[in-house]
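Student:
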Amino acid sequence: MNPVDPALNAHAGWIVVKFGGTSVSTRPRWDTIRRIAADWRARGKRVLIVVSALSGITDKLKAIAESKGDAARRASVRDEIVARHEAMFAELGLVDRATLQYWLDRLAALAADPRAENGALPWQAEVLALGEQLSSTLGVAYLTAQGLATRWLDAREHLLAQALPNQTEWGRYLSASVPTAPDPAMAARLAALGDVFISQGFMARNAAGETAILGRGGSDTSAAYFGALLKAEKVEIWTDVAGMFSANPRIVPAARLLSRLDYEEAQEIATTGAKVLHPRCLNPVREAHVPLAVRDTNRPELPGTEIGATVGAAAPSVKAISERRGITLISMESIGMWQQVGFLADVFERFKRHGLSIDLISSAETNVTVSLDPSENLVTTDVLAALAADLAEVCRVKVIAPCAAITLVGRGMRSLLPRLAGVLAEFDMLRVHLVTQSSNNLNLTIVVDEAAADGLVPTLHAGLVKAEALRAEDPAVFGPAWSELYAAAQAPRATPWWRARRDELVALGSSGGPRYVYDLATVRERARALRAFAAPDRWFYALKANSHPAVLRAIADEGFGLECVSLPELERAGDIVGGERLLFTPNFAARDEYEAALARGAFVTLDNLHPLEHWGESFAGRDVILRVDLGVGRGHHDKVRTGGAGSKFGLDLSQVDTFRELARRHGARVTGLHAHLGSGILDAAHWREVYAQLAALAQRFSRIESINIGGGLGVPARHDEAPLDLAALDAALAEIKRAYPQFALWLEPGRYLVADAGVLLARVTQTKRKGDYRYVGLDAGMNALIRPALYEAWHDIANLSRLDDPADTLYQVVGPICESGDVLGTNRRLPECREGDVVVVAQAGAYGAVMASHYNLREPAQEIVW
Amino acid sequence: MSFDPRQSRHFRFVRADYADGQAQLVYAFDGGVELVERVIFPGAPAIAPARRAAFDAALKLLHLVAGVSYYKAGVPEAIVVDAGSLDDATADLLDELYFHGLGEFAYHNKLDLAGRIRFPRGASAPAPAAAIGLPPRSLVPVGGGKDSLVSVELLKTLHEDATAAWVGLSPLIAACVERTGLPGLNVERRLAPELFEYNKLGAWNGHIPVTAINSAILALAAVLYGYDAVVFSNERSASSATLEYAGQAVNHQWSKGWEFERRFAAYLRSHVAADLAYCSLLRPLSELAVTKLFARQTRYDDVFSSCNRNFKILGPKPADRWCGQCPKCHFVFLALAPFVTKPRLLAIFGRNLLDDETQTAGFDALMEFREHKPFECVGEGRESRAAMHALSLRAEWREDAIVARFVDEVLPQLDAGEIDLASQLAPSDEHGIAPRLAGVVDAYR
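Chains as they are written, first to last, in the numbering used here: chain A, 483 to 1348; chain B, 8 to 452.
#1: Buried or exposed for residue 834 of chain A, please, with buried defined as at least 16 other CB atoms from any protein chain shown within 10 angstroms of its CB.
#2: State the Cα-Cα distance for the pair residue 160 of chain B and residue 193 of chain B, rounded to the nearest angstrom.
#3: If distances are taken between C-alpha atoms only, which option among A/1111, A/1147, A/1180 comes closest to residue 1158 of chain A?
#4: Can you tell me whether residue 1286 of chain A is helix, strand or coil according to DSSP?
#5: To which residues of the same chain is residue 115 of chain B closer than 8 Å at the C-beta, ignoring the five residues directly before and after it?
#6: Beta carbons nearer than 9 Å to chain A: which residues of the segment 390-407 of chain B have them?
#7: For residue 493 of chain A, is the classification buried or exposed, using 16 other Cβ atoms within 10 angstroms of its Cβ as the cut-off for buried?
#8: Give me the residue from A/915, A/881, A/893, A/900 with the minimum Cα distance to residue 922 of chain A.
#9: What does DSSP give as the partner residues of residue 916 of chain A in its beta bridges?
#10: For residue 193 of chain B, would you say it is in contact with chain A, using Cβ-to-Cβ distances shorter than 8 Å as the test?
#11: Mind listing, in chain order, the continuous beta strand (DSSP E) runs of no fewer than 3 residues lying wholly within the segment 764-836 of chain A?
#12: For residue 615 of chain A and residue 965 of chain A, I'd like the C-alpha separation in whole angstroms.
#13: Does the contact criterion of 3 or more C-beta pairs under 8 Å hold for the segment 563-577 of chain A versus the segment 491-511 of chain A?
#14: Is it buried or exposed, residue 880 of chain A, if we count other Cβ atoms within 10 angstroms and call 16 or more buried?
#15: Enumerate in chain order the residues of its own chain whose CB-to-CB distance from residue 822 of chain A is below 8 Å, with the five nearest sequence positions on each side excluded.
#16: Taking a contact to mean a Cβ-Cβ separation below 8 Å, would you say residue 1226 of chain A touches residue 1020 of chain A in this structure?
#17: Please list, in chain order, all residues of the same chain as residue 950 of chain A whose beta carbon is under 7 Å from its beta carbon, the five residues on each side excluded.
#18: Would you list, in sequence order, the uninterrupted alpha helix (DSSP H) runs of no fewer than 4 residues that lie entirely inside the segment 170-240 of chain B?
#19: At least one CB of chain A closer than 8 Å to the CB of residue 203 of chain B: is that the case?
#20: Whose C-alpha, out of B/370, B/21, B/11, is nearest the C-alpha of residue 390 of chain B?
#21: Please confirm if residue 1123 of chain A has its CB atom under 8 Å from at least one CB of chain B.
#22: Assign residue 621 of chain A to one of three DSSP states: helix, strand, or coil.
#23: How should residue 1250 of chain A be labelled, buried or exposed, when 16 other C-beta atoms within 10 angstroms of its C-beta is the threshold for buried?
#24: So within the segment 1286-1338 of chain A, which uninterrupted beta strand (DSSP E) runs reach at least 3 residues, ignoring any that extend past its ends?
#25: Can you give the Cα-Cα distance for residue 682 of chain A and residue 637 of chain A, rounded to whole angstroms?
#26: Decide if residue 911 of chain A is buried, meaning its Cβ has at least 16 other Cβ atoms within 10 Å, or exposed.
#27: When you compare only the Cα positions, how much space is there between residue 704 of chain A and residue 684 of chain A?
#28: What number of angstroms, rounded off, separates the C-alpha of residue 72 of chain B from the C-alpha of residue 220 of chain B?
#29: Which residues in chain B sit within 9 Å of residue 1185 of chain A, going by Cβ to Cβ distance?
#30: Expressed to the nearest angstrom, what Euclidean distance is found between the alpha-carbon atoms of residue 88 of chain B and residue 19 of chain B?
#31: Measure the C-alpha to C-alpha separation of residue 617 of chain A and residue 627 of chain A and round it to an integer number of angstroms.
#32: Suppose only complete runs of 3+ residues qualify. What are the beta strand (DSSP E) ranges in the segment 70-154 of chain B, listed by chain order?
#33: In three-state DSSP terms, what is residue 1121 of chain A?
#34: Could you check which residue in B/326, B/196, B/409 has the C-alpha nearest to that of residue 49 of chain B?
#35: What residues match up with residue 877 of chain A in a beta bridge as DSSP calls it?
#36: Thinking C-beta only, is residue 776 of chain A closer than 8 Å to residue 733 of chain A?
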């Protein structure tokens, strides 16, 4: 039992804490509520606890409310509700059940009420309110029994709903609103009664004294209403996630916790997609200047999201990106005169007539296009058809759907436009129907076809962080990534091998020029991890990533074949494995290269009609594999995407039948299908999709034996990127294999096997200060490692000579090449660097040495194998 | 393996046997390896002695019907049944089935089957089959598309004791069966592996009358488990020809047509069991009438698919069930459009096929406008024209690319009588619905 705290004085501040259904459904959760409330009380605050109904109870009450004539259904659902609360009563170890019985009797009386027959709205409101009355009744008994003296408040005595103009009767009873302003008299009245109170979310009374329900998000809204009435010091919404995030963490695990938002931004984020907070609950606290916080009940140590008045000095930043699906656009083309007076009024009047509320608007001289949010109403009733018919009286109307609205939110959006250039390039080749920029300068919304929106938000989020349009490193606004907070339970990222062998590397790097160092143990470990997969029938290593003979031999020893894209590659690979383990997949190669590959007995992949059209006889009696372009590119940068009409790779799907005919004519057998959509893909579901498409295509051929779904297994670079989930990939491939056992499954990873195994060692040549910028120059630049310049690739960079010093200086890490693009890393936190320090550029085992050049006549880095 | 079935002279029905829920159907080309197909009936009960004769007759029929998958790999000159010749009725049924059921196959492979398919005949007709006391309940094959789900819902209105049956592994069908709420029966069929080898080596390949094979499998299942009706969901338009080739009407879906239904039902009554009914519940209806019935309930919106692409891997998105490119996708989209709200239809498909110019040729083919009807189970051209016309009258559809083009280019060439929707919805009288289920005609309304 808690020691009794000294009584609070009449002016002690108020804290409102709200707990949802899952937070009130078990005894340990009630202990958490007690702890949180007692903690505030111990800090000298009065506490009002607002609770939802037990999980699932509101749905059951809704079933009763909507049961109409079905008395048997009402009775059986009532029994379930009673049983659930009896069980909770027992779990909480309560003794006096008189009050609980009172509410259960109310339930019985309401279920038997004659008004049930026609579902009268006042009756429905009373039924729906029971869930919170029951949960708060259990709560007050438990908290008091546990030593926290708590008083029960009937929310309906304090929250008075007001009917809105044009509000339907349904809305007045089941989606009511309560105007609130600080009421010091009420706060004083309550203060005289005690220190800790519990009340019900979701309900109010109307002017006639009847029960009214607040509708969706109702409990959060109740807390906000109480917070405003009491002029609380804070309203805390306790839920099962740490707060609002910069994107939906379910699709963007790298989404950042938003530590601090102003009311308007929070409202915008809640309105455009975030589910954690209902947008309705922000207005009452904003008007009363009461701060609101979102906190995680399971992780009370996390600060959560604080929402308050505008943060003055912070630099503009995109705060969040969201998507809303199921958007319908209505495009209206004026058919009257130019500058027709009243056109917009005519149009909008018709939306009002049909009770449809417009979200986005974009207008031109003769056109106005608006969006409608998804609603049950649009799907199940003819309202859209009726609206379109009415609109057709005054304009040409076109309904464009289904669309997805992608919204960037952040105060001062217009000043962020220059930073968005690269991010907006993601919309290349998508059909953009509408772009709007909100007049309050809080959002930028782009509407595209819903089918095109898959995977867009994670890509855009990463792009925003990379472009520093979303200033993820600003601790005043952003907290940790969701994956760090919640996925940290997964195995921590292994320490890279080069940290363990730091002394050897420093010794090596201290003299001579830059060097690539490859750790073969890491190569073998990666190869074995993939070979452990059950489903794939053959693995080929794409040797263009790293063609060092020792690396090739190590990989071949693990059972991999070798995938080559040129004759010299084929010759090198041919020294290591036999023809039956060679796969030749060139692009725009000359005829003699194909003939040489066939002569070696390699599998040969074609990705164009040209070879069969012009050199068909070379393929007579041969097996060939067809590489197709499935039309969508994936990957971490434009230049590594290999799908889509803008890509030079793969046969267009519309030419597949021609290809088949040509092959038949020349007696070539098409025995395999291949597609490769890009690199750096971290989502296991992607290959499943590629495979399903290729397997469908295989139905148009009769002799397909293998399906090669390419590579592109991602290697995470930044600490906030989740690594490729090998178990998920293995499971996805196994599912594929079960569905299509008749095809051999081939994969051809490249970078995945070697990227982490290699580092580039370089020495510091000079340092420089220029304005606010600090530069550190290395003796290796884009001539040694071109990925940062070519793909804007991010490589971890560390000063091996000072690995244990605090990384407190922000550097631009550059090379010695006379090109302004000769940058290896921007804005890197490193210890203060000195001339001669040995620096490591990590993940340089793939596309490092193989792409090196003699530019500026500088020798590229030597390669050393460990 | 270098065996080429196209070089063989005989196709042999070697034997069929059954034990422990597994039927083995054995075939061979000339004296080559035995091709063994297995059909597996889960939880099969013992065969009651009173049903033994019916079971054997149904097994023999299945052996003969399922042989079409193998026969077509070589299409040799002669057909041999090792167990002995057939009576005229059996031989007639199979001659017809193989000839018409392989019509599209012959067209694509440029083969002439006329006079080639002759099952050995000469045995005397058996005594008419007896009634074997099958209980009054229905086996309803579910295919994952709209039609069988309409049948399921119609049977529910009749309070029929029904089981949803499907052949083969399909996550899509399994998901639909689960959504019906009916008990399910999943029969597994394992083709002889040599058939894939033959195909790789260049055997004849193409469309086979798979509905006939499934019909024979479910007839055997009905006798085995005890159902007095096998209730398919083929509609009126399944009977119409796709095109003419070599003087013959070629129908992609001949075994879904009325002619096959009538003959197969009669054969089951005379040769298998007098109390076993085989019928299609939707036979009186046009495709449009079926889609109209489908539109009545939304419970299957997020699970069903009529797309002909073989979705063996199911995902949650509409594009994981509807390819959006094939004639089935085009037709179901168009046929549902007049009867559901536009947002609902777009939610089902995940995109708007009628606002995509690249699909123009596909919709033209459905309307038989400058193209022949696709080799797919799709409605008649006039149904597509009527549906398109209905949409052209609706403001929320009228400006979509393909509807607008219909108004500009196709509609002026059509007679008024060709575009009336209401006349396509009336049920016709030609059907073989089992008397016990005759009340379904009222449920159409």
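Positions of the beta carbon are idealized from the N, C-alpha and C atoms, including for glycine.
Tutor: Put simply:
#1: exposed
#2: 20 Å
#3: A/1111
#4: coil
#5: 213, 214
#6: 401, 402, 403, 404, 405, 406, 407
#7: exposed
#8: A/893
#9: A/929
#10: no
#11: 774-778, 787-790, 802-816
#12: 37 Å
#13: yes
#14: buried
#15: 816
#16: yes
#17: 901
#18: 178-187, 201-207, 217-232
#19: yes
#20: B/370
#21: Bear in mind that a pLDDT of 48 at residue 1123 of chain A, under 50, signals an unreliable position, so the number given afterwards is only what the model happens to contain. Not an interface residue.
#22: helix
#23: exposed
#24: 1291-1296, 1305-1312, 1320-1323
#25: 6 Å
#26: exposed
#27: 6 Å
#28: 6 Å
#29: 206, 207, 208, 209
#30: 6 Å
#31: 15 Å
#32: 85-88, 128-130, 145-148
#33: Bear in mind that the predicted position of residue 1121 of chain A carries a pLDDT of just 45, short of 50, making it unreliable; the figure below should be weighed with that in mind. Of the three classes helix, strand and coil, the one that applies to residue 1121 of chain A here is helix, per DSSP.
#34: B/196
#35: A/816
#36: no
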